[in-house]
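Report on one structure; see the data block that follows.
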Amino acid sequence: MLLLPILVYYVVFKYTPMFGEVIAFKNYRFADGIWGSKWVGLKHFERLFTSPDFFNVLKNTLLLNVYSIVFAFPVPIVLAILLNEVRIEWYKRTIQNLLYIPHFISWVVLGGIVIALLSPSTGIVNTVMKSLGMEPIYFMASNFWWPIMFILSGIWQSAGWGTILYLAAMAGIDPQLYEAAKIDGAGKLRRIWHITLPGIRSTIAILLILRVGQMMDVGFEHIFILQNKAVYEVSNVISTYVYHVGLEGSQYSYTTALGLFQSIIGLILIVGVNKIIKAMGENGLW
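full-length UniProt numbering numbers the first residue of the sequence shown as 1 and each following residue consecutively.
Here it is in structure tokens:
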């Protein structure tokens with residue numbers, strides 16, 4: 001009975017909407033409804049794979065996710081290891097709180113802070129640069145700087161939450177292992193390398209699987225708040241493309257086909273990476 005509300009939630013809001021994927025194979029018209037609209041087979045998929053816009057948004061989506069995995073994924077691991085070495089309890093808890101507070105703040109607020117800080121006229125970053133005799137940089141209007149600011153703001157928002165997960169995993173490591181290593185003369189770096197990292201390896205593997213499964217998705221709120229027309233070339237990803245073409249352009253069937261393609265690739269990635277992780281001797285998702 002305790003699981004009933006959860007089951008109802010998933011059935012109503014997760015599984016039932018899947019029937020709407022059928023409009024990817026139809027020429028959906030609101031007046032005709034889902035079942036009354038005309039079947040068109042793979043027409044929308046053919047359009048998808050011949051559209052230059054699709055390959056541009058696919059490239060942007062993959063690049064931003066690759067940057068995120070390479071530069072952002074390791075940050076919570078490093079922070080958790082550093083915090084785990086802190087012995088002053090009040091200081092450790094203060095840093096933890098400061099790190100994970102951004103996770104609970106809306107991207108509308110965080111995005112506004114980022115834009116304000118990086119403003120070329122009034123932002124604190126450019127103000128400092130100008131005081132040092134440097135030219136101001138239009139961070140949010142530069143195809144070079146925008147992806148960097150996107151990744152850095154993502155780290156700011158999510159690193160704290162990831163740190164908590166890794167600290168929880170570290171709490172399960174037997175303290176006697178550290179004591180034995182100290183007696184054997186192992187320094188901090190050797191203890192981290194031979195005890196801490198192996199102790200959280202399974203957690204790293206599971207979170208990596210889940211992260212790779214999101215390779216076809218970039219958080220809509222994050223992108224949408226920071227995006228502007230000057231950087232469409234590097235910031236227009238699948239989620240924003242679906243919003244502009246599907247909702248604003250009322251091309252529901254076409255964007256549903258794109259969403260279905262996105263979901264299938266995400267599933268393939270999760271299954272594939274899960275098999276690779278298990279082949280390496282680690283615990284997978286199943």
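Idealized CB from N, CA, C, for every residue including glycine.
Just so we're clear, the structure is a prediction, and the values are computed from it rather than from any experiment.
| said: Using the three-state DSSP reduction, which class does asparagine 228 fall into: helix, strand or coil? | reply: In this structure, DSSP gives asparagine 228 a state outside helix and strand, which the three-state scheme calls coil.
| query | Which residue or residues does DSSP assign as beta-bridge partners of lysine 38? | reply | Paired residue(s): Asn27.
| Same chain, Cβ closer than 8 Å to valine 231, five either side skipped, listed in chain order | So the qualifying residues of the chain are Met140, Ala141, Ser142, Asn143, Trp146.
| query | So, helix, strand or coil for phenylalanine 144, using DSSP? | reply | Three-state DSSP puts phenylalanine 144 in coil, outside helix and strand.
| message | Once the 5 residues before and after isoleucine 200 are set aside, which same chain residues still bring their CB inside 7 Å of it? | response | Excluding positions up to five away in sequence, the list reads Tyr166, Ala169, Met170.
| message | Suppose you measure from the CA of glutamine 157 to the CA of serine 37; what does that come to, to the nearest Å? | response | Straight-line spacing of the CA atoms in glutamine 157 and serine 37 works out to 43 Å.
| Apart from the five residues on each side of it in sequence, which residues of its chain come closer than 8 Å, Cβ to Cβ, to proline 136? | Shown here for proline 136: same chain residues with a beta carbon closer than 8 Å to its own, the five before and five after excluded, namely Pro120, Ser121, Asn126, Met129, Lys130 in chain order.
| request: Give the secondary structure of asparagine 283 by DSSP, where H, G and I count as helix, E and B as strand, and everything else as coil. | output: Three-state result, asparagine 283: coil.
| field | Cα-Cα separation, phenylalanine 261 to leucine 58 | value | For the pair phenylalanine 261 and leucine 58, the Cα-to-Cα distance works out to about 11 Å.
| request: Measure from the alpha carbon of tryptophan 39 to the alpha carbon of each residue in Lys26, Asp32, Thr50, then state which is nearest. | output: The shortest Cα separation from tryptophan 39 among Lys26, Asp32, Thr50 belongs to Lys26.
| request: Output the boundary residues of the alpha helix (DSSP H) element that contains tyrosine 178. | output: Counting along the chain, the alpha helix (DSSP H) containing tyrosine 178 begins and ends at 175–183.
| request: Check each candidate in Ile277, Tyr28, Ser51, Asp32 and name the one with the smallest Cα separation from glycine 41. | output: The option with the nearest alpha carbon to glycine 41 is Tyr28.
| query | In or out: leucine 7 buried (at least 16 other Cβ within 10 Å) or exposed? | reply | Leucine 7 comes out exposed.
| field | Cβ-based burial, isoleucine 277 [other Cβ within 10 Å; buried from 16] | value | Isoleucine 277 should be labelled buried.
| task | Note the first and the last residue of the continuous alpha helix (DSSP H) segment covering valine 237. | result | Careful: valine 237 lies outside any alpha helix (DSSP H) and carries neither H nor E.
| message | Is the separation between the beta-carbon of threonine 196 and that of glutamate 21 shorter than 8 Å? | response | Contact flag unset, no.
| message | Assuming contact is defined by CB atoms lying nearer than 8 Å, are lysine 92 and leucine 79 in contact in what I supplied? | response | In this structure, leucine 79 does not lie closer than 8 Å to lysine 92 by Cβ.
| query | From residue 290 to histidine 222, what distance separates their C-alpha atoms? | reply | For the chain, the structure presents residues 1 to 286; residue 290 sits outside this window and is missing.
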